[in-house]
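Trainee: Note that my numbering has the sequence shown beginning at 987, numbered continuously upward. Ideal Cβ positions, reconstructed from N, Cα and C, are used throughout, including at glycine. What follows is a single structure, and I will ask about it in a moment.
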Amino acid sequence: MSTIEALVRDHRVVVCVGSGGVGKTTTAASIALWGAMQGRRVVVLTIDPARRLADSLGVGVLGDEPRTVEPAVFTRLGMKVPGSLAAMMLDQKGAWDRLVARHAPSEEVRARILDNRFYRSLSGTFAGSYEYMAIEQLCLLDESGGYDLIVLDTPPTKRAMDFFEAPERIREFLDRRVVRWFVTPYMSQGWSAAKAMNRTVGFLFRRLEEATGVSALAEISDFFSAMSGMFDAFAARTQTMHALLRASSTAFLLVTGPEEQALTETEFFSRRLREMKMSLDAVVFNRVHREFAADPELFPGGTVSRGDEALIEDVLASAGDLDGIDTAWLARNFVDYQLLARGEALRMEQFRSGLSRRLPFVTVPNFESDLHDVAGLVGMHSALFGRGAARRPRRSGSSRPPAKRASSASSGGRRPAK
């Protein structure tokens, strides 16, 4: 079975990408935990993780600074974790404020920007702002030198490529050519005068109003005026982001579900990655239903089909010990399940046919309930890293393994797309 063990072992940064609702957060956390179990210093940057997961890691409410999982959390589960695991959650507004503080030429300029109403709207709602700050935080973690493995759970976006396009989008917005529209003397005459003097300026302001909700021309002009001495730093930072995302030490792991809509988005995503000369390194199919093999003596071809409900009900009835069980419902449910699993398998195979066979394709089963604790994260390891992966920990005081839980789930040139 193909796994992602070598992928995680041989890279310093693993970026989990894909559309929302496919289990990226849980997958990222499980990979990070596995890295710590291999003796590495690991940090996972998550996007709004489930509260139960944060609680189970013993870190309480996650914030914008890495919080280390205490060894006692693992000891209680009988786990040996020779490495370390820290977790943090992206704070979009706080990250922007710290970025401004780092690059502002003076305390006066810093305060002027942070108090600006247009800036507050920009840092909270501007398209691409969330994705930009996720990459910025990734760069900071990389530059800290404090971690052997950094796992990023990318923001859930309407367009999966927003994550990759955000740095350039912000750079173009904070461009010197844009600044000239806002810092020329006639701007101080106000909105109506600007519209009258230049229709292009008026159109630009209307677009800014729509994007930010801020209509005060003076505040917009003051923001760009205060930022004018920082654009070189932002441009340089964009280059740093591009370099990290394309570095040979960075791997992209695409997490998707077997549903038709999820795979359609995933196909577009993988195609755009190739167009951007970026490599897709592995695919995780999450929450997959496995089709059970059917007795070929009873079912021609070894598969269950619609119309086999009566035959299945007879088989169930002959098994005995089913008093009080609605065998007709059970038979219909089993047929529905088999057809669902077969449809998923066909869609996954069709998707895989469009990509290199050398690309690791991992299938994570649809567990019985959500994976919101350490034991659940370890439960994913056999699917992600193979049967030889560390076993699921036993709960303290229990002689039985816990029930399965569901997945909810730098420098150098980037190698060419596969």
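Can you name the start and end residues of the beta strand (DSSP E) that Asn1272 belongs to?
Mentor: Where Asn1272 is concerned, the enclosing beta strand (DSSP E) stretches over 1268-1274.
Trainee: For the alpha helix (DSSP H) that Leu1249 lies in, which residues bound it at each end?
Mentor: Segment 1246-1261, the alpha helix (DSSP H) holding Leu1249.
Trainee: As an exercise, report each continuous alpha helix (DSSP H) stretch of at least 4 residues that is fully enclosed by the stretch 1042-1078, in chain order.
Mentor: You should have 1057-1061.
Trainee: Would you say Arg1053 and Met1023 are within 8 angstroms of each other, going by their C-beta atoms?
Mentor: Result no, Cβ atoms of Arg1053 and Met1023 do not sit closer than 8 angstroms.
Trainee: Below 8 angstroms, can you find three or more Cβ-Cβ pairs linking the stretch 1332-1339 to the stretch 1242-1251?
Mentor: Judged by Cβ distances under 8 angstroms, the stretch 1332-1339 makes contact with the stretch 1242-1251, as three or more pairs qualify.
Trainee: May I ask you to verify whether the stretch 1232-1242 touches the stretch 1258-1276, counting CB pairs closer than 8 angstroms and requiring at least 3?
Mentor: A contact exists between the stretch 1232-1242 and the stretch 1258-1276.
Trainee: To the nearest angstrom, how far is it from the Cα of His1089 to the Cα of Val1059?
Mentor: Approximately 39 angstroms, taken between the alpha carbons.
Trainee: Whose C-beta lies closer than 8 angstroms to the C-beta of Ser1115 among residues of the same chain, with five residues either side of it excluded?
Mentor: Only Gln1078, Trp1082, Leu1108, Ser1109, Ala1152, Ile1156 meet the Cβ criterion.
Trainee: Output the distance between the C-alpha atoms of Leu1160 and Ser1339, rounded to the nearest integer angstrom.
Mentor: Approximately 42 angstroms, taken between the alpha carbons.
Trainee: Name the two residues that bound the continuous alpha helix (DSSP H) containing Pro1351.
Mentor: Pro1351 -> not in any alpha helix (DSSP H); beta strand (DSSP E) instead, spanning 1347-1351.
Trainee: Just confirm the distance between the C-beta atoms of Asp1139 and Val1030, as a whole number of angstroms; I'd bet it's less than 8 angstroms.
Mentor: Yes, Asp1139 and Val1030 are in contact; Cβ-Cβ is about 7 angstroms, under 8 angstroms.
Trainee: Taking only the alpha-carbon atoms, compute the straight-line gap between Gln1317 and Ala1303 and give it to the nearest angstrom.
Mentor: Residue 1317 is actually Ala in this sequence, not Gln. Ala1317 and Ala1303: Cα-Cα distance of roughly 10 angstroms.
Trainee: Could you tell me whether the Cβ atoms of Val1137 and Val1028 are closer together than 8 angstroms?
Mentor: Going by C-beta atoms, Val1137 is nearer than 8 angstroms to Val1028.
Trainee: Would you mind giving the Cβ-Cβ distance between Leu1266 and Leu1345, rounded to the nearest angstrom? I have them listed as a contact below 8 angstroms.
Mentor: Indeed they touch by this definition, with Cβ atoms about 7 angstroms apart.
Trainee: Taking a contact to mean a Cβ-Cβ separation below 8 angstroms, would you say Ile990 touches Leu1370 in this structure?
Mentor: Yes, Cβ-Cβ distance for Ile990 and Leu1370 is below 8 angstroms.
Trainee: Roughly how many angstroms lie between the CA atoms of Arg1219 and Gln1225, to the nearest whole one?
Mentor: According to the sequence as given, residue 1219 is Ala; it is not Arg. Ala1219 and Gln1225: Cα-Cα distance of roughly 10 angstroms.
Trainee: Can you tell me which of the three DSSP states Asp1312 falls into?
Mentor: Residue state, collapsed to three classes: coil.
Trainee: Taking 6 angstroms as the limit between beta carbons, can you name the residues of its chain near Glu1216, skipping five residues before and five after?
Mentor: Note on identity: in this sequence residue 1216 is Met, with Glu being the wrong assignment. His1089.
Trainee: Strictly by DSSP, which residues pair up with Asp1139?
Mentor: Answer by DSSP bridge pairing, in chain order: Cys1002.
Trainee: In terms of alpha-carbon separation, which member of Ala1280, Phe1278, Thr1289, Ala1314 lies closest to Glu1295?
Mentor: It is Ala1314 whose Cα lies nearest to the Cα of Glu1295.
Trainee: Give the straight-line distance between the Cα atoms of Thr1289 and Pro1282, rounded to the nearest whole angstrom.
Mentor: In a straight line, the C-alpha of Thr1289 is about 8 angstroms away from that of Pro1282.
Trainee: List the endpoints of the continuous beta strand (DSSP E) containing Phe1238.
Mentor: Note, Phe1238: beta strand (DSSP E), 1236-1242.
Trainee: Closest by CA to Leu1071, which one among Ser1092, Gly1044, Pro1091, Ile1311?
Mentor: That would be Gly1044, whose Cα lies nearest to the Cα of Leu1071.
Trainee: Flag this pair as yes or no: are the beta carbons of Cys1125 and Leu1230 separated by less than 8 angstroms?
Mentor: In this structure, Leu1230 lies closer than 8 angstroms to Cys1125 by Cβ.
Trainee: Please classify Asn1319 as buried or exposed, where buried requires at least 16 other C-beta atoms within 10 Å of its C-beta.
Mentor: With fewer than 16 other Cβ atoms within 10 Å, it is exposed.
Trainee: On the three-state DSSP scale, how would you describe Arg1026?
Mentor: Here Arg1026 sits in coil by DSSP.
Trainee: Specify the secondary structure class of Leu1160 as computed by DSSP and reduced to three states.
Mentor: Residue state, collapsed to three classes: coil.
Trainee: Would you call Cys1002 buried or exposed, if buried means 16 or more other Cβ atoms sit within 10 Å of its Cβ?
Mentor: That one is buried.
Trainee: Just how far apart, CA to CA, sit Ser1130 and Met1227?
Mentor: In a straight line, the C-alpha of Ser1130 is about 15 angstroms away from that of Met1227.
Trainee: DSSP beta-bridge partners for Thr1224?
Mentor: In DSSP, Thr1224 forms no bridge with anything.
Trainee: Would Arg1292 and Leu1325 be called neighbours here (beta carbons separated by less than 8 angstroms)?
Mentor: Contact flag set, yes.
Trainee: If you follow the alpha helix (DSSP H) that Ala940 is in, where does it begin and where does it stop?
Mentor: Outside the shown range of the chain, which is 987 to 1404, sits residue 940, and nothing can be said about it.
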